[in-house]
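With the working numbering applied, the sequence shown corresponds to residues 819 to 1978, in that order. Report on the structure given below.
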Amino acid sequence: MRSSGCEHCSQLAIARELDIPGVRELVEQYFEEPEGLAITYGMAYEEALEQELKESLGPEGFQRPEGRDSFDATVALMRNQVPVIYQGYLKHQVGNLQFNGKPDFLVRGDYKLEFADGKLTAKQDISGESDKYVAWDAKLASTAKPNYLLQIALYADALLALGMKSGGEPGIILGSRSLVSFEESEIVPAMKLARQELGLAIKAFDESSSVKDLTLYCDTKDSCSVCEYPALCEQSRLDVDHLVQVAGINRNQIEKLTSVGITTMEALGEAKDSERPSEIPVHTFDKIRQQAKLQTDYRKTNKVSYIILPDPEIAVLPPASENDIFFDMEGFPYFPEKGGLEYLFGNTLRTGEFVPFFAHDREQEKAAFQDFMGFLTKKLESDKTAHVYHYANYEVTALNRLAARHGVMEKEVSELVASGRMVDLYKVVKGSVMVSQPSYSIKKLEAFYEFERKSKVLDAGSSIDEYDYYRQQVELGEEGAAETLQQITDYNEDDCVSTMALYNWLSSMPGAHTRYQEFERAKDIKKAREARAQSEREDSPESARARKAEFELERLIQKTSRMQKAIERWSWGKDLKADYLAKIWLALTHSMLYYNREDVIRWRDWAIRKDATYDQLHRDRKALVVQGAIAESDVSDFFGVDPETKVKLVYRYILEPGQTSFMKQDQKIFVRFSLGANQQDTDYGKVLSVSGDELVFERDATYQTMTLEPNAIFEYEWVPPGQKPEVVGNLVQELVGLWQSPLKEPDIEHPAMDLLLRNPPRLKTMPGLPIPKVGDWLSAINEAVFDLDHSVLAIQGPPGSGKTFVGSRVIKKLVDKGMKVGVVANSHSAIENLLWACLEAGVLPDAMAKKTQAGDKQAKGWVTPTTNKVMGNWRAGNLGYVVGGTSWNFCAKEMFEDQFDYIFVDEAAQFSLVDAIAVSANAKNLVLLGDPRQLTQVVQAIHPGGVDNSALGHYMGETAILDQGTGYFLDVTRRMHPEINAPVSSLSYQNKLKSHPDTASNVVQGIAPGLIAVPVAHLANSSSSVEEAAVVLEIVRQQVLLVGPAEVLVVAPYNAQVDLIRELLDASGLEEVAVGTVDKFQGREAMVVVVTLAASSALDAPRGLDFLLDRNRLNVAISRAKANCYLIYSPRLTKSRFRDIEELKSISRINGLLGFARQL
819 MRSSGCEHCS
829 QLAIARELDI
839 PGVRELVEQY
849 FEEPEGLAIT
859 YGMAYEEALE
869 QELKESLGPE
879 GFQRPEGRDS
889 FDATVALMRN
899 QVPVIYQGYL
909 KHQVGNLQFN
919 GKPDFLVRGD
929 YKLEFADGKL
939 TAKQDISGES
949 DKYVAWDAKL
959 ASTAKPNYLL
969 QIALYADALL
979 ALGMKSGGEP
989 GIILGSRSLV
999 SFEESEIVPA
1009 MKLARQELGL
1019 AIKAFDESSS
1029 VKDLTLYCDT
1039 KDSCSVCEYP
1049 ALCEQSRLDV
1059 DHLVQVAGIN
1069 RNQIEKLTSV
1079 GITTMEALGE
1089 AKDSERPSEI
1099 PVHTFDKIRQ
1109 QAKLQTDYRK
1119 TNKVSYIILP
1129 DPEIAVLPPA
1139 SENDIFFDME
1149 GFPYFPEKGG
1159 LEYLFGNTLR
1169 TGEFVPFFAH
1179 DREQEKAAFQ
1189 DFMGFLTKKL
1199 ESDKTAHVYH
1209 YANYEVTALN
1219 RLAARHGVME
1229 KEVSELVASG
1239 RMVDLYKVVK
1249 GSVMVSQPSY
1259 SIKKLEAFYE
1269 FERKSKVLDA
1279 GSSIDEYDYY
1289 RQQVELGEEG
1299 AAETLQQITD
1309 YNEDDCVSTM
1319 ALYNWLSSMP
1329 GAHTRYQEFE
1339 RAKDIKKARE
1349 ARAQSEREDS
1359 PESARARKAE
1369 FELERLIQKT
1379 SRMQKAIERW
1389 SWGKDLKADY
1399 LAKIWLALTH
1409 SMLYYNREDV
1419 IRWRDWAIRK
1429 DATYDQLHRD
1439 RKALVVQGAI
1449 AESDVSDFFG
1459 VDPETKVKLV
1469 YRYILEPGQT
1479 SFMKQDQKIF
1489 VRFSLGANQQ
1499 DTDYGKVLSV
1509 SGDELVFERD
1519 ATYQTMTLEP
1529 NAIFEYEWVP
1539 PGQKPEVVGN
1549 LVQELVGLWQ
1559 SPLKEPDIEH
1569 PAMDLLLRNP
1579 PRLKTMPGLP
1589 IPKVGDWLSA
1599 INEAVFDLDH
1609 SVLAIQGPPG
1619 SGKTFVGSRV
1629 IKKLVDKGMK
1639 VGVVANSHSA
1649 IENLLWACLE
1659 AGVLPDAMAK
1669 KTQAGDKQAK
1679 GWVTPTTNKV
1689 MGNWRAGNLG
1699 YVVGGTSWNF
1709 CAKEMFEDQF
1719 DYIFVDEAAQ
1729 FSLVDAIAVS
1739 ANAKNLVLLG
1749 DPRQLTQVVQ
1759 AIHPGGVDNS
1769 ALGHYMGETA
1779 ILDQGTGYFL
1789 DVTRRMHPEI
1799 NAPVSSLSYQ
1809 NKLKSHPDTA
1819 SNVVQGIAPG
1829 LIAVPVAHLA
1839 NSSSSVEEAA
1849 VVLEIVRQQV
1859 LLVGPAEVLV
1869 VAPYNAQVDL
1879 IRELLDASGL
1889 EEVAVGTVDK
1899 FQGREAMVVV
1909 VTLAASSALD
1919 APRGLDFLLD
1929 RNRLNVAISR
1939 AKANCYLIYS
1949 PRLTKSRFRD
1959 IEELKSISRI
1969 NGLLGFARQL
């Protein structure tokens, strides 16, 4: 199933099987045998699971097909309704291809697999289908991989063809003894695409085919991660001298160079200035040309070489200290729990001593992290001249992630990063030299300092595979695990020792260390100056704001230490129910730290981006490299002016080919500039305008720094949390005091506890939630809300299901009964949208209030108090009312003078869980309105305890649809015609969302309703496509004539495409047609929606396919349509290399949608 993953190795595999002359001999030179022991261990794991299920079900309930025809025997067992069939045989003919396979377990639809007391069991679930089956495969790996999913998708399709597929989700039984299942809509379409591509690839061969007809290399180096023959790729690119060999070059630059006849690395190295493509700026062309020349010279002479850049960073490299530490980490991204596992912290000292810290689970990871940081802190405190050296930014990012994940050593990590004593030698290399190597990995640089490795592990990818293998050995209790771990340890030690050798090489270069003292003095002067000015600039990242955030977080950590000690030695894994309570205790603990941790992480991110290399910033969606920005203001020096005098400067920047900007107009930013020797600093600024590829920004500089040109900008987002930390802290202490210990079941009647524990709504008189009558959700929800008893009720409202209508009508009933109701959301627009609906429902204007928003002069239909005190006075004089506001408003002390009976949280899937806890402090009941399958919340930091989720996202957990009895799923859309609802329901709601009969009238005259596919071929487009924009314009023109401009919306994923289309529409007199990203249009609707995806392929998509084809964003985009949605896309976007599961799911989504579409 590699057809969508690696086109050229699929061709080779087919050609080998067809015995195309010359192919077998060629590929056998590069073929690597799979690890035999891994296969043996995998079989042993399957056999262990087999025995466990036999014990669980007995010989009648667990059978294996017998006889010569395994397929017929398997079908017979299914017809006899055997609960679990082991090693059944399935086959499925599709065209000329027959696919055969043996799922490890075929499980009857009314049985569920689960682990009980560490053993695999199958328990009956009477709600399932007793005559249908679902496939499960066993894999010794710790996490699922794309090829596993393609495999079970094949089985699901084969069962469907037999008419014996149940409605259950297929899945994988992992080596970690956990189960993971997958929605078929997220895996089967990708499998069908791969199968189709395989069929087409086979048809391309005939009797005249030869090895000369084959592509012998992947189109990009990244593709080699899924290729069977990466060494063949590398050699073939070398043979043709492909441009992709040039270190740092991107696909867009290759496209532009090829278009002017520069097709090889040697040709680029020899290119003249006059041959530069106009789209590539001079400084970029000079850089890649110099790189190509160095590499070409190396190919010809077989001698490595380098050049020292002007004003190199080696000038400020710290001098050597006998206590320097050379540090490297190993991570395992396939760890079963979210976020991977950091399993080895390796350190080499100048004496040659190697000091490792190991971790093989979450608790060990926390302990190893604390031990490592203690070791590091002690070393650095004993010698103020010592530094910690590492290569690339993984280590800094990982340490910050660990501090946030475990809620420990946060102060120490912050001080380490802020002090400048952690030095990234990758940044030093990139800021100091250009080398003749095809990459700047430390392995490639070792040729310059003649370093020889002792480990057999080749690279980081191999170390991950080896560690996975080690975990499998440990799981099965096999010999050899210690030897495997030692090989990984040797690899890590090699990296540490190589980092020390790299430092020594850099240190030996002319000019090294010469400006170190100069820059240290300059930093000290700057700190002193900022300390004097801190009262004026409290938000300066290097003065009061950053230090205050760190201090406050440390204070709160000390305050929660008693709570954390309650689970410090918790025996995880012995009792699932007890573990669940411990996790809720953790969530309460870390909710106290949430706001301060968000604050601290913002400043840590500032420090990381300030010193990031350009290639790191290119991959950062919150940053934009702006080398070559043109100053629109006069930057002449003024003699005699105080150097600290402020001056505003304006710059204009044009995006380079391949660049994508996510910046928005009026966005606050940091403007980065170089002080020399690749040392960076920042000023504050703001984006003034964004139009197509042009961005204009403002910089708040000083006369001292105004002539230093900006080289990058990145987001600056800080909003003071107000009273929220105090409110949450007081509530948490109250709840913990009532609970007393995580060892006991909490008996606390409070909406925050029911929200955290995911408890079903507690009711005063009814035994459970009333079941709605057909077509009447409102009556049942009214009954439930009125009967709530200091609890929480969730209402999931898919697009067009009337969530706002239901919420406003329930509020009207509550106000009529004299209840005090609050309405809260993240945005003022969402709050006011629900308030306007309340007015429409009949709530009197005098019974509604929302504090005046600064700068908002629009007339409102309700009372608008100017201050919290005025609001408090208004509430005191009223009975039965609605108050709208943000979480800041509801946490103001004046609000606590009178408790709310109900607080309605609108857009609760975008509303922070901790914000919901905060507002619940002054509410008897919470009502959550929202939908986690639409746009969800984004938080700044990673938080322990799961508190980085949204309120509704946490309450619903992993379920796509609210379970009956825990809340209400509004399963009827009153917006979408059945033909447009069908793909949305399949994509996001397990086909359970239905269209109201009235939606059948949503038809554009002369056009059949539904999803319409519009493929548009183009190449090398990332965030904008003129080809797609032209098609958008043509469709919009036609549709405006039929339905008018107000009934047409255009949705694009990237601002650059929005701006391009806006210009085209305006130039054509279509100013009234709205264009925007999905973030702008949630809550909007129109008869016709035009969606343009812009990117040419998976490789071109900024932020990857998991952003562009994100299920929630696609859902929101398509579901704005009442009648028709035109989906404009590049055909190459529907294919992928399946590098990971998210990419496979993304491809499934678009291909699944296209399965519902008709071609234009």
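The C-beta atom is built at its ideal place from N, Cα and C for all residues, glycine as well.
- Counting only unbroken stretches of 4 or more residues, the alpha helix (DSSP H) elements lying wholly within the segment 1378-1425 are 1379-1383, 1394-1409, in sequence order.
- Under the DSSP definition of a beta bridge, residue 1507 partners with 1514.
- About 4 angstroms separates the beta carbons of residue 1116 and residue 1254, which is inside the 8 angstroms limit, making them a contact pair.
- Excluding the 5 residues flanking it on each side, residue 1496 has same chain C-beta neighbours closer than 6 angstroms at 1131, 1249, in chain order.
- Taken through DSSP and simplified to helix, strand or coil, residue 1812 comes out as strand.
- In summary, residue 1006 is buried, with 16 or more beta-carbon neighbours lying within 10 Å of its beta-carbon over all protein chains present.
- With fewer than 16 other beta carbons inside 10 angstroms of its own, residue 1819 counts as exposed.
- The DSSP-derived three-state label of residue 912 is strand.
- Counting only runs that start and end inside the segment 1831-1896, the alpha helix (DSSP H) elements of at least 4 residues fall at 1844-1861, 1873-1885.
- Distance from the Cα of residue 903 is smallest, within the candidate group 1764, 892, 1617, 1967, for 892.
- Look at the segment 967-1039 and you find these whole runs of alpha helix (DSSP H), each 4 residues long or longer: 1006-1021.
- Under DSSP, residue 1610 takes part in a beta bridge, and its partners are 1744.
- Below 8 angstroms, too few C-beta pairs join the segment 1224-1235 and the segment 1257-1269 to call them touching: fewer than three.
- Nearest to residue 1573 by C-alpha distance, out of 978, 1591, 1076, 1553, is 1553.
- Annotation for residue 1719: the continuous beta strand (DSSP E) segment containing it runs 1718-1723.
- According to the DSSP assignment, residue 1314 belongs to the alpha helix (DSSP H) that extends over 1299-1325.
- Pairwise C-beta distances place the segment 925-940 out of contact with the segment 968-978, as fewer than three of them are shorter than 8 angstroms.
- Annotated three-state conformation of residue 1148 is strand, per DSSP.
- In the DSSP assignment, residue 1076 falls within the unbroken alpha helix (DSSP H) covering 1069-1077.
- Beta-bridge annotation (DSSP): residue 1785 is paired with 1612, 1782.
- Counting only runs of 4+ residues, the alpha helix (DSSP H) found wholly inside the segment 822-903 occupies 825-835, 841-846, 854-879, 888-897, in chain order.
- Per DSSP, the unbroken alpha helix (DSSP H) holding residue 1970 starts and ends at 1959-1972.
- Residue 1344 and residue 1806 have their alpha carbons spaced roughly 53 angstroms apart.
- Put simply, of 1961, 1839, 895, 959 the residue whose alpha carbon is nearest the alpha carbon of residue 1478 is 1839.
- Beta-bridge annotation (DSSP): residue 1501 is paired with 1489.
- The alpha-carbon of residue 1589 is positioned some 6 angstroms away from that of residue 1598.
- Leaving aside the five residues that flank residue 1900 on each side, the residues in its chain whose CB is nearer than 7 angstroms to its CB run, in chain order, 1752, 1753, 1934.
- When C-alpha distances from residue 1125 are compared across 1512, 1316, 1252, the shortest belongs to 1252.
- Each residue's CA atom was taken as its position, placing residue 1065 and residue 1160 some 29 angstroms apart.
- The alpha-carbon of residue 1563 is positioned some 16 angstroms away from that of residue 1578.
- A Cβ-Cβ separation of about 6 angstroms places residue 1692 in contact with residue 1681 under the 8 angstroms criterion.
- Pairing residue 947 with residue 1929, the inter-Cα distance amounts to about 28 angstroms.
- Less than 9 angstroms divides the Cβ of residue 1221 from the Cβ of residue 1230.
- If you compare the alpha carbons of 1594, 1932, 1291, 1949 with that of residue 1786, the shortest gap goes to 1594.
- In this structure, residue 1499 lies away from residue 1466, with their beta-carbon atoms at least 9 angstroms apart.
- When Cβ pairs closer than 8 angstroms are counted between the two stretches, the segment 990-997 is seen not to touch the segment 1904-1922, the count staying below three.
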